[in-house]
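In this note's numbering, each number is its position in the sequence shown, counted from 1, plus 734.
Don't be surprised by glycine CBs; every beta carbon is placed ideally from N, CA and C.
Below is one structure, written out as structure tokens; the observations come after it.
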Amino acid sequence: MLKILRHKKTAKKVWIGLALIIIPAFALWGFGGAFSSRQDNKPLGKIFGRQVTDLEFKDSLSAVTTSAIMRFGDKLPEVEKYLNLEAQAWQRLVLLEEAKRRGIKASDKEIVDFIESLPYFQYKGGFDNKTYDQTLRYAFRLKARAFEEQTRQNLILNKLYKQITDNLKINDKDADQAYDKENQEISVYYIASLIADFTKTIKPQESELKDYFEKNKETFRQPISTDKEKKETLIPEFQSVKQKVKDTLVNAEAMKKAEEKINQCAQELKTREFKDAAKKCGLKVKGTPAFKFGVPIEGVGPSDKFWEAAKALKPEQASQIIKLPAGFYIVKIKSILPRDEKKYQKEKPEYRERLLNQKKDEVFNQFIIELNKKAG
């Protein structure tokens, strides 16, 4: 028991944000009761080869419950159905086990300081013992000792997060490129060699379809059981999949023709202007409106590859061939809207911090994936 906390009447002027009690990359929230009063020590499962008792799991579930109440408050009933509470409780146990293996600890003083800083327990600008007791009793449905132990674990998990991510950095180049992706608008001219333009010219005979089917039977294998464990399949009769065979063959041939045509155009671009090269190959040049990275372009689809290709080009330079589901493209810059440098420099410190936090989350999430494999 941290008796010093419940008798202390003064509090710090500056309190730490709620986010610090919840690991940034892995939000441990949930809803349930305080389960630690049930003395059930039967084995429930294993992590790192160690038995986890029913009581230990319920304590972990209680901890994610508390975080859920902190995070969602009276909105919790609305989101409760979307939370996989048991999975989060197990994940918490895995992370705590790893922290223990690394020798990470949290002192009583750290727990006292942290709890004193939380807004839930503040009254008239300071920590209040009565507010603390009532909040634990009626909001969290916990005894002080259980809450303080959960807080110790949360601080340990936060230290684990920092240990994994504190060496990560975001340099100016990374920030500039990411900011441009989110904000800069580009428009391009493009030459397209589309698969659909060639499908109408391909009319295979039945003998060709049968030959294609014989050479690619495995492509048309079908499941014969809904049992995912058994995964039984068979190769169907040709007639039953004839249309599928035709569609597959036509699409494959059309793709070859589309690729041959764009390759021809790429060769012409070595000695001709953009429009002249397209005309020589029987293709047309089209233009796009200004678009941001990731925003779909009408008639093209996802803009990611167009944006990245254009961003790397010099004026009047043609890109390498870009492959998209609809076909093949070559682009050149139409216009690039300059970055608002004054605005960017003003936003840059906060933007870099956000990028860094995203990078930390990605690294920690990957750490969790690898840790789960080891934990079994």
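Taking the straight line between their C-alpha atoms, what separation do you get for residue i and residue j?
i       : j       : result
Phe881  : Asn888  : 10 Å
Leu1105 : Thr1005 : 55 Å
Leu1003 : Glu919  : 26 Å
Gly1061 : Gln911  : 28 Å
Ala926  : Pro938  : 25 Å
Tyr895  : Ala840  : 14 Å
Pro970  : Lys949  : 14 Å
Gly779  : Glu790  : 10 Å
Tyr725  : Lys907  : In this structure the chain extends from 735 to 1110, so residue 725 is not present and cannot be described.
Lys976  : Leu891  : 58 Å
Gly1016 : Phe1008 : 13 Å
Ile803  : Asp1074 : 42 Å
Asp774  : Glu883  : The predicted model places Asp774 with a pLDDT of 48, which falls under 50 and marks its position as unreliable; any figure quoted below should be read in that light. Between Asp774 and Glu883, the C-alpha separation is close to 19 Å.
Met989  : Lys1048 : 29 Å
Leu852  : Glu1081 : 29 Å
Gln956  : Leu968  : 5 Å
Tyr1078 : Tyr857  : 40 Å
Val984  : Gln1001 : 26 Å
Ser801  : Leu1071 : 45 Å
Thr1063 : Ile1056 : Looking at the sequence provided, one finds Tyr at residue 1063 rather than Thr. So the alpha carbons of these two residues sit roughly 5 Å apart.
Trp824  : Lys834  : 15 Å
Lys934  : Gln1100 : 46 Å
Asp1139 : Arg805  : The chain is shown from 735 up to 1110; residue 1139 falls before or after that span and cannot be answered.
Ile996  : Glu987  : 14 Å
Asp945  : Phe972  : 10 Å
Gly859  : Lys843  : 21 Å
Arg879  : Ile904  : 40 Å
Val813  : Asp1010 : 59 Å
Asp808  : Tyr872  : 13 Å
Ala1012 : Ala1043 : 19 Å
Asp862  : Arg836  : 35 Å
Ile1103 : Ser1069 : 42 Å
Cys999  : Glu1050 : 16 Å
Asp793  : Arg1088 : 33 Å
Residue i and residue j look like a contact to me (Cβ under 8 Å); what is the Cβ gap, rounded to whole Å?
i       : j       : result
Leu870  : Lys864  : The Cβ separation is near 11 Å, so there is no contact.
Ala1052 : Lys1066 : 5 Å
Ile898  : Val1097 : 7 Å
Phe782  : Glu831  : 6 Å
Gly1021 : Leu1058 : 17 Å between Cβ atoms; not a contact.
Ala1109 : Val828  : 5 Å
Tyr923  : Val1019 : 5 Å
Lys915  : Phe1027 : 4 Å
Arg826  : Val798  : 6 Å
Leu902  : Leu1090 : 7 Å
Lys991  : Phe932  : 4 Å
Pro1023 : Ser941  : Not a contact, Cβ separation roughly 47 Å.
Leu928  : Lys980  : The pair is not a contact, with the Cβ atoms about 19 Å apart (cut-off 8 Å).
Glu966  : Ile958  : 5 Å
Thr885  : Phe848  : 6 Å
Helix, strand or coil: which one does DSSP assign to residue i?
i       : result
Gly1110 : coil
Ala926  : strand
Phe947  : helix
Ile936  : coil
Ala817  : The question names Ala, but residue 817 in the sequence shown is Leu. Leu817 falls in the coil class under three-state DSSP.
Gly783  : coil
Leu830  : helix
Ile803  : helix
Ile838  : coil
Leu789  : helix
Leu1121 : As shown, the chain starts at 735 and ends at 1110. That puts residue 1121 outside it, with no answer to give.
Lys809  : helix
Asp1074 : coil
Arg875  : coil
Which partner residues does residue i have in the DSSP bridge list?
i       : result
Tyr1063 : Ala926 and Ile1056
Leu968  : Gln956
Ser1069 : Ser921
Does residue i get closer than 8 Å to chain D when you measure Cβ to Cβ?
i      : result
Gln911 : Chain labels in this structure do not include chain D; a single protein chain is all it has.
What are the uninterrupted segments assigned as beta strand (DSSP E) that are 3 or more residues long and contained completely in the segment 991–1061, given in chain order? 1019–1021 and 1056–1058
Which runs of the beta strand (DSSP E), 3 residues or longer, sit entirely within the segment 877–930? 920–928
What are the complete alpha helix (DSSP H) segments, minimum 4 residues, inside the segment 841–865? 842–851
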